[in-house]
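In my numbering, the protein residues as written are 707 to 1191.
Glycine included, C-beta positions come from ideal geometry on N, C-alpha and C.
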RNA sequence: GCGGAAUUAGUUUAGUCUGGUAUGACGUCAGCUUCCCAAGUUGAAGGUCACGGGUUCAAAUCCCGUAUUCCGCACCA
């Protein structure tokens, strides 16, 4: 299904909707999750924990969203996260100074150069607005971080533009107190904030968004010393270096040199295995190897995990080999020691990052799972059972003759263990359709036969098939069917 | 941020040119009916027509501003 269909479902069924929508001064780029969206998000994260955090023996932390100025001085965000911007005084259009100058004059000025350099280049080459030939204002820095003032002195601090900085600054303590051993993965789920110039397309470009980030700390001398690589060596990943993505096993990707070492190959492998279990169509995915110009300022090697949707390829995860960029910067700035012992060797660990955009992932899951069943005139959200906001609908075929009471009793017995939804009202077909739209994989219906022999029917969402089971079996059937893989 | 289009109930939509407080569908709720796939039937709730200002006896409708959404450009760690 396309963006519009997903949007309609999201609004009608409580997946997500605009923030503060009752006020007309609500800002762009802020959206909230409704009950169905939260259900899906929580289960997605539980899957993430199982497939990445627990599988690899990582630690998870939960850091502050507001962090001090020093953190971002060290991280480079205060310098590099800002673009040099010029504005046309006539038509008010905004341009990147470095790119506009390069386009018109072929003079390359690094984006973190002194602002006066841009101004001089504009003056000397008489650069005018490409749109209206107007004159440019002097160059300014536009920083995408939200600045906040702490306490009555309004001490300068920032909302984090990525969650991972807490992982870096917490690393020395975590390594010491949690008996760390390289390689060590530290993960965090939380919100990040970026003052996007043009937020758009609901969950795809937000100013306040969820990330699930993993930073794996490693000994740079032992990047091919990865025993667990055998677990994924035959896992097929799709990699794109130039024109088209190609399917290959992790082993082939490693041997061909496209992926630099076993360490990176292993994580690309388990990441693919995770996404496969979300129900996203992996045949529409690719790890796109980024060229020097596209990479973030801290990355040595970078792969974007992207998935094709009806609105194009979406970047869901950024995989960056950040080397010792972060730890050495924080060590220098804070004067703390970030080296650790790896066996008998003292090393400043390198970092491989798996930075996942949760909101975009959820959108993609919805788009890939939402299907139109023409034959039965219905929309079906074919979520994996373990990701569905509702596991099971508990329905009475009719309300009378004690069926309602029996249905209530069944609901009461399972509601703490499963996400169950009780529904008595309206035609049975409509109730099934409603459950189909929020992705509930099962519906249990109480009918007259239930009162005679204690059995109910259980309906499967995708096939619409029904079978009859004893009430005492419900728990074990559901437990097996909605369990994480 | 620039240019264009749009904004009417939970969703979708008529009405806007030609000013007189709004139409239909689906959905929701309650009842009747119905032992299995959006059925039938009776009834109900839900809109200060995005927000602010102006013109007018009167504004969803005309004018101005703002916000948001979508499309293109630009941006995107």
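Coarse secondary structure for residue i, derived from DSSP in three states
{"i": "residue 1048", "result": "strand"}
{"i": "residue 950", "result": "coil"}
{"i": "residue 766", "result": "strand"}
{"i": "residue 1091", "result": "helix"}
{"i": "residue 719", "result": "coil"}
{"i": "residue 941", "result": "coil"}
{"i": "residue 1023", "result": "strand"}
{"i": "residue 1031", "result": "helix"}
{"i": "residue 975", "result": "helix"}
{"i": "residue 1000", "result": "coil"}
{"i": "residue 808", "result": "helix"}
Straight-line Cα distance separating residue j from residue i
{"i": "residue 945", "j": "residue 1066", "result": "20 Å"}
{"i": "residue 718", "j": "residue 878", "result": "47 Å"}
{"i": "residue 721", "j": "residue 1184", "result": "24 Å"}
{"i": "residue 1021", "j": "residue 1011", "result": "6 Å"}
{"i": "residue 880", "j": "residue 780", "result": "20 Å"}
{"i": "residue 983", "j": "residue 856", "result": "42 Å"}
{"i": "residue 866", "j": "residue 965", "result": "30 Å"}
{"i": "residue 754", "j": "residue 1077", "result": "24 Å"}
{"i": "residue 756", "j": "residue 1190", "result": "9 Å"}
{"i": "residue 648", "j": "residue 739", "result": "Past the edges of the chain, shown from 707 to 1191, lies residue 648, and the structure says nothing about it."}
{"i": "residue 956", "j": "residue 1005", "result": "21 Å"}
{"i": "residue 986", "j": "residue 1028", "result": "27 Å"}
{"i": "residue 870", "j": "residue 726", "result": "28 Å"}
{"i": "residue 1053", "j": "residue 1040", "result": "18 Å"}
Residue burial classification, residue i (beta-carbon count within 10 angstroms, cutoff 16)
{"i": "residue 836", "result": "exposed"}
{"i": "residue 1058", "result": "buried"}
{"i": "residue 749", "result": "buried"}
{"i": "residue 1135", "result": "exposed"}
{"i": "residue 652", "result": "One cannot answer for residue 652 here, as it falls past the ends of the chain, which runs 707 to 1191."}
{"i": "residue 863", "result": "buried"}
{"i": "residue 913", "result": "buried"}
{"i": "residue 741", "result": "exposed"}
{"i": "residue 1089", "result": "buried"}
{"i": "residue 858", "result": "exposed"}
Element boundaries [alpha helix (DSSP H), containing residue i]
{"i": "residue 956", "result": "956-961"}
{"i": "residue 916", "result": "Counting along the chain, residue 916 falls outside any alpha helix (DSSP H), though it belongs to the beta strand (DSSP E) covering 914-924."}
{"i": "residue 1139", "result": "1134-1143"}
{"i": "residue 748", "result": "741-754"}
{"i": "residue 1115", "result": "1109-1120"}
Contact test: residue i Cβ vs the ligand SAH heavy atom, cutoff 8 Å
{"i": "residue 1175", "result": "The model on display carries no ligand, and the ligand SAH is accordingly not part of it."}
Host beta strand (DSSP E) of residue i (start-end)
{"i": "residue 862", "result": "861-865"}
{"i": "residue 1008", "result": "1007-1015"}
Could you check whether the region 761-773 touches the region 878-897, counting it as contact only if at least three pairs of C-beta atoms, one from each stretch, sit closer than 8 Å? By the Cβ rule, the region 761-773 counts as touching the region 878-897, because three or more pairs are nearer than 8 Å.
Between the region 1031-1048 and the region 1015-1023, do three or more beta carbon pairs fall short of 8 Å? Judged by pairs of C-beta atoms under 8 Å, the region 1031-1048 does not touch the region 1015-1023, as fewer than three such pairs exist.
Tell me, please, whether the region 798-808 touches the region 929-939 by the rule of three or more beta-carbon pairs shorter than 8 Å. Result no; under three Cβ-Cβ pairs closer than 8 Å.
contact_flag[the region 1101-1121, the region 1080-1087] where n(CB pairs < 8 Å) is 3 or more: The answer is no - the region 1080-1087 does not touch the region 1101-1121, with fewer than three Cβ pairs under 8 Å.
Would the region 1134-1148 and the region 1166-1182 be scored as touching if the rule is three or more Cβ pairs under 8 Å? Flag = yes, the region 1134-1148 and the region 1166-1182 touch.
Validate contact between the region 812-832 and the region 902-922 using beta carbons, cut 8 Å, 3 pairs: The region 812-832 vs the region 902-922: no contact.
Segment contact, 8 Å Cβ cut-off, at least three pairs: the region 936-954 with the region 775-795: Not touching, per the Cβ criterion.
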